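Chains A and B, in that order, give the protein sequences.
For my numbering, count along the first sequence from 1 and bump the result up by 116.
For my numbering, count along the second sequence from 1 and bump the result up by 441.
See below for the structure under consideration.
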Amino acid sequence: KQEVTQIPAALSVPEGENLVLNCSFTDSAIYNLQWFRQDPGKGLTSLLLIQSSQREQTSGRLNASLDKSSGRSTLYIAASQPGDSATYLCAVKETSGSRLTFGEGTQLTVNP
Amino acid sequence: DAGVTQSPTHLIKTRGQQVTLRCSPKSGHDTVSWYQQALGQGPQFIFQYYEEEERQRGNFPDRFSGHQFPNYSSELNVNALLLGDSALYLCASSPGAHYGYTFGSGTRLTVV
């Protein structure tokens, strides 16, 4: 059974800091990995999608990497802003099915 | 271009009642999945529909059922509601099983 873990569970940083969020998964037989952002009480906004054959994806100040063999992904946020405050979730899709398995998220607070 | 649309946004039901939640996928998407997200946790996969058939199901009891219509929209039905069914219900769509998912804003269900 696939298990996804996100560390840390919560993170508070001052504005302008670069930061890294971590995601690990137990079964490396994945098709892709997706990072999402969730604001309180809202739905999920897709940030980056990395296919299993890719090593990283970039969008603006965000960069996500994937090391499938070690079961790890990182989300790097450059020059953090208060508007980045949200919960960040990673999810993997296994090759054996079509469901997404989510971690419990990292709650990020960026202080002005 | 409208994304994934869910209705209603909020709902309050009494234990033992039945509820129907609705989802319209993003234009061009034919695959619809449903997730349940309890407070402070990551979303849990309920089931996925493709070509009006349930393609995969998560670990949820038979009280949870669904349907997909020819226009790809979908319904989630929950019978005999329990207090533990209180959660945010998220609908996600994709243009195929192995593409990234787009999520709606969710329906907040409260069972009293």
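Note that CB positions come from ideal geometry on N, CA and C, so glycine has one too.
Note that the structure is predicted; figures quoted are calculated from it, not measured.
| query | result |
| --- | --- |
| By the 10 Å Cβ neighbour count, where 16 or more other Cβ atoms means buried, how is B:His-470 classified, buried or exposed? | buried |
| Roughly how many angstroms separate the alpha carbons of B:Asn-520 and B:Val-552, rounded to a whole number? | 12 Å |
| Buried or exposed: where does A:Ser-212 fall if 16 or more other Cβ atoms within 10 Å of its Cβ makes it buried? | exposed |
| Inspect the CB distances between the stretch 123 to 142 of chain A and the stretch 448 to 460 of chain B and report whether three or more fall short of 8 Å. | no |
| Please decide whether B:Arg-463 counts as near chain A, where near means a Cβ-Cβ distance under 8 Å. | no |
| Consult DSSP for A:Ile-183 and reduce its assignment to one of helix, strand or coil. | The identity of residue 183 of chain A in the sequence shown is Asp, whereas the question assumes Ile. If DSSP states are grouped into helix, strand and coil, A:Asp-183 belongs with the strands. |
| Anyone know if the C-beta pair for A:Leu-178 and A:Ile-193 falls short of 8 Å? | yes |
| What are the residues that DSSP puts in a beta bridge with B:Arg-463? | B:Ser-448, B:Glu-516 |
| Which residues of chain B have a Cβ atom closer than 8 Å to the Cβ of A:Lys-158, listed in chain order? | Ser-546, Gly-547 |
| Please list, in chain order, the chain A residues whose beta carbon lies closer than 9 Å to that of B:Gln-489. | Gly-213, Ser-214, Arg-215 |
| Checking contacts by CB at 8 Å: is A:Ile-133 closer than that to chain B? | This sequence places Glu at residue 133 of chain A; Ile is not what is there. Chain B contact via Cβ: absent. |
| Below 7 Å on C-beta distance, what does B:Phe-486 contact in chain A? | Arg-215, Leu-216 |
| Less than 6 Å between C-beta atoms, sequence neighbours within five positions excluded: which residues of the same chain meet that for A:Glu-146? | For clarity, residue 146 of chain A is Ile in the given sequence; the question names Glu instead. So the qualifying residues of the chain are Ser-168, Val-208, Glu-210. |
| Going residue by residue through the stretch 150 to 208 of chain A, where are the continuous beta strand (DSSP E) segments of at least 3 residues, counting only ones entirely within it? | 160 to 167, 172 to 175, 178 to 183, 188 to 193 |
| Looking only at its chain, what residues have a beta carbon closer than 6 Å to the beta carbon of A:Pro-130, apart from the 5 residues adjacent to it on each side? | Asn-227 |
| So A:Gly-176 contacts chain B; which residues on that side make the cut at Cβ distance below 9 Å? | Going along chain B, no residue has its Cβ under 9 Å from A:Gly-176, so there is no contact; the nearest lies around 17 Å. |
| Just to confirm, is the Cβ distance from A:Leu-216 to B:Phe-486 under 8 Å? | yes |
| Considering only the beta carbon of each residue, do B:Glu-516 and B:Thr-461 sit closer than 8 Å? | yes |
| Within the same chain, show all residues whose beta-carbon is closer than 6 Å to that of A:Ile-123, passing over the 5 residues directly before and after it, in chain order. | Asn-138 |
| Could you tell me which residues DSSP puts in a beta bridge with B:Ser-474? | B:Gln-489, B:Ala-533 |
| Residues in the same chain with beta-carbon distance under 7 Å from B:Gly-555, minus the five sequence neighbours each way, listed in chain order, please. | Chain B is shown only over 442 to 553; residue 555 of chain B falls outside these bounds and no answer can be derived. |
| Can you find the residues in the same chain that come closer than 6 Å, C-beta to C-beta, to B:Asn-518, ignoring five residues on each side of it along the sequence? | Thr-461, Ser-506 |
| CB A:Val-120 to CB A:Thr-190, shorter than 8 Å? | no |
| Looking only at its chain, what residues have a beta carbon closer than 7 Å to the beta carbon of A:Ala-202, apart from the 5 residues adjacent to it on each side? | Arg-153, Gln-154, Asp-155, Leu-224 |
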